[in-house]
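Input: a single structure, listed below in structure tokens.
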Amino acid sequence: MDMAPEVSIILPCFNEAEQIVQSVNAIVDFIEHRWPGRAYEIVLVNDGSTDATAVALQELVAAKAQVRAHGFQYNRGRGAALKEGFARARGKCFIALDADLTYDVAHIGDIMSVFDHDPAADVVVVSAYMKGGLVKGVPFQRLLLSRLANWILAGFLHRSISTVTCMVRGYKAETLRKVPLLEEGKELHLEILRKLEIIGAKIVEIPGRLVWKEIGGQARRKNGLNVVNSATDHILYAMFAKPTKLLAMLAFLSGGIGLYESMNVFMRFIMVYDRNYNSSLWWCVWNGLMISFKSSPHTVVIASICLLLSAQLCTLLAIVALLKFQHEEVLENLFLLHEKLTAPTRSAGGPEPH
């Protein structure tokens, strides 16, 4: 295809030989029926598959002019495959999809509709967990873990997003190229949102439909340990990227425990306090405190430790918040520098990355 496509559909592939041909055919049928004559391309990235995926991709390239295939000799991770797809894609908009289409092809239309009606939109996040979304066929344990992880991770972003770990998104190519991307695993999804937030990109979230299908007569299932590891990696990345959220939660938790235990101490003090007018007020207070401590010393210790810890965490939070502000300001300047340095190469049609 000589004409630059309007949209690039990017599919990372790892051991997808059984369904990649069907998925590509479904994408082609949808686009050509929905937007006949619209220029598009499908960029397939083989992430070091050990099955016949590479052969299937080459057959698709030979059969369909819109399809291009690239890949790695060994498995490098979803993030690396996505970055390779972004680097190879030529469209004005990128749409990333799962190779097995657990999010159906109609999401392409949903994403493009946002870009068509809202020129200011830079990113369209597809979320099965937001109001209006649908989840079907996903095991309860995996769904629970995913929802919990996304609930935690959403707190590390400036705006509320129901699903930050989903790969299915749309990007304005011009906006995405403004930020350098480093992560090679699934943490890339969070890295992209965080960095685009820093440069002020407009992020739009739309409802999605997550439907796990059957392949070879059996529902497709992912290893439970991999799911836990993925969620852990996402949360660790978020904690290091935005530690103020973690510090604030810890300060709130320890402060809450400290206040609760302090109230218990105070109520116990009220019960044992005896105002003896033959003694000074301070002696009566001290005597009441001593009786309270002797009756429940662990409560006093817990209250003291938690309140002290909360105060220290609040102090640390203030320092880290200042450092974070300076860090994000530096990052924003670096992103601007990166954009200026890479713009001449893109406009001159520089060499295609390997």
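Numbered according to the working numbering, the sequence shown spans residues 7 to 360. For each residue, glycine too, the CB sits at the ideal point set by N, CA and C. Please read all numbers here as calculations on a predicted model, not as lab measurements.
Where the alpha helix (DSSP H) containing LEU182 begins and where it ends: DSSP places LEU182 in the uninterrupted alpha helix (DSSP H) bounded by 179-182.
When SER133, VAL141, GLN25 are compared against ALA160, the one with the closest alpha-carbon: Ranking SER133, VAL141, GLN25 by Cα distance to ALA160 puts SER133 first.
Boundaries (first-last residue) of the alpha helix (DSSP H) holding LEU187: Careful: LEU187 lies outside any alpha helix (DSSP H) and carries neither H nor E.
Check: SER152 C-beta below 6 Å from any heavy atom of the ligand COA: The model depicted lacks the ligand COA and carries no ligand whatsoever.
Opening and closing residue of the beta strand (DSSP E) in which ASN52 lies: Residues 46-53.
Cross-strand partners of GLU361 (DSSP beta bridge): Outside the displayed range of the chain (7 to 360) lies residue 361, so it cannot be described from this structure.
Boundaries of the beta strand (DSSP E) in which ARG74 is found, first to last residue: From DSSP, the beta strand (DSSP E) with ARG74 extends over 73-78.
LEU17 - containing beta strand (DSSP E), residue span: It spans 13-19 - the beta strand (DSSP E) in which LEU17 sits, taken as one unbroken run.
Beta-carbon proximity list for CYS312, same chain, < 6 Å, skipping 5 on both sides: Within the same chain, CYS312 has close Cβ partners SER260, ILE263, GLY264.
Strand pairing of PHE100, partner residues [DSSP]: Beta-bridge pairing links PHE100 to SER14, TYR177.
Length of the line joining the Cα atoms of ARG227 and SER55: Residue confidence for ARG227 is low, a pLDDT of 48 falling below 50, so the modelled location carries little weight; the figure read from the coordinates is stated next. Taking the Cα positions, ARG227 is about 18 Å away from SER55.
Buried or exposed by the 16-neighbour rule on C-beta atoms within 10 Å, applied to PHE20: It is buried - the Cβ of PHE20 has at least 16 other Cβ atoms within 10 Å.
For ASN154, the three-state DSSP class (helix, strand or coil): The sequence given here places Leu at residue 154; Asn does not occur at that position. If DSSP states are grouped into helix, strand and coil, LEU154 belongs with the helices.
Within 7 Å, strictly: CB atoms of ALA62 and ILE114: Contact flag unset, no.
Proximity to LEU251 [Cα-Cα], best of LEU322, LYS201, ALA58, LYS300: Just to set this straight, residue 251 is Lys in the shown sequence, not Leu. Sorting LEU322, LYS201, ALA58, LYS300 by C-alpha distance to the C-alpha of LYS251 places LEU322 at the top.
ARG94 versus VAL217 - alpha carbon distance: About 29 Å.
Where ILE325 falls, given that 16 or more other Cβ within 10 Å makes a residue buried: With fewer than 16 other Cβ atoms from the protein chains shown falling within 10 Å of its own Cβ, ILE325 counts as exposed.
Where VAL5 sits in the DSSP three-state scheme: In the structure displayed, the chain extends from 7 to 360; residue 5 sits before or after that span and is not available.
Proximal residues to VAL144 (C-beta, below 7 Å), its chain only, five neighbours per side dropped: Close CB contacts of VAL144 within its chain, under the 7 Å cut and outside five residues either way in sequence, are with LEU216, TRP218 (chain order).
Assigned secondary structure, VAL217 (DSSP; H/G/I helix, E/B strand, else coil): Three-state result, VAL217: strand.
Alpha-carbon to alpha-carbon, ILE158 and LEU103: Rounded to whole angstroms, LEU103 to ILE158 spans 24 Å at the Cα level.
Residue interval of the alpha helix (DSSP H) (run including GLN25): No alpha helix (DSSP H) contains GLN25, which DSSP labels as neither H nor E.
Nearest-angstrom Cβ-Cβ length linking ASP57 and ALA105, presumed shorter than 8 Å: About 12 Å; that fails the 8 Å criterion.
Candidates LYS184, LYS192, VAL73, PRO186: closest to VAL174 by CA position: Nearest C-alpha to VAL174 among LYS184, LYS192, VAL73, PRO186: LYS192.
Candidates VAL271, PHE258, VAL130, ALA68: closest to ILE209 by CA position: For the residues VAL271, PHE258, VAL130, ALA68, the minimum Cα distance to ILE209 belongs to VAL130.
The region 167-184 / the region 196-212 touching (three or more Cβ pairs under 8 Å): Three or more pairs of CB atoms, one per stretch, sit closer than 8 Å, so the region 167-184 contacts the region 196-212.
Nearest residue (CA-CA) to ALA87, options PHE272, GLU190, ALA207: With respect to the C-alpha of ALA87, the residue from PHE272, GLU190, ALA207 having the closest C-alpha is GLU190.
Within 7 Å, strictly: CB atoms of PRO18 and TYR46: Taking 7 Å as the Cβ cut-off, PRO18 and TYR46 do not qualify as a contacting pair.
Test item: CB-CB of VAL34 and GLY91 under 7 Å: GLY91 is positioned such that its CB atom lies no closer than 7 Å to that of VAL34.
Of the listed residues ALA254, PHE299, ALA257, LEU256, nearest to PHE275 (C-alpha basis): The candidate whose alpha carbon is nearest that of PHE275 is PHE299.
Sheet register partners of TYR109 (DSSP bridge): Under the DSSP definition of a beta bridge, TYR109 partners with LEU216.
Local conformation of GLU90 per DSSP, three classes: Correct three-state label for GLU90: helix.
Residues of its chain near PHE341, where Cβ-Cβ distance is below 8 Å and the 5 sequence neighbours each way are ignored: The beta carbon of PHE341 lies closer than 8 Å to those of LYS184, VAL185, PRO186, LYS201, ILE204, ILE205 in the same chain, with the five residues before and after it left out.
Straight-line Cα distance separating ALA69 from PRO42: Roughly 19 Å between the two C-alpha positions.
Neighbourhood of LEU343 by C-beta distance below 6 Å, restricted to the same chain and skipping five residues each side: The answer is none, since no qualifying residue turns up.
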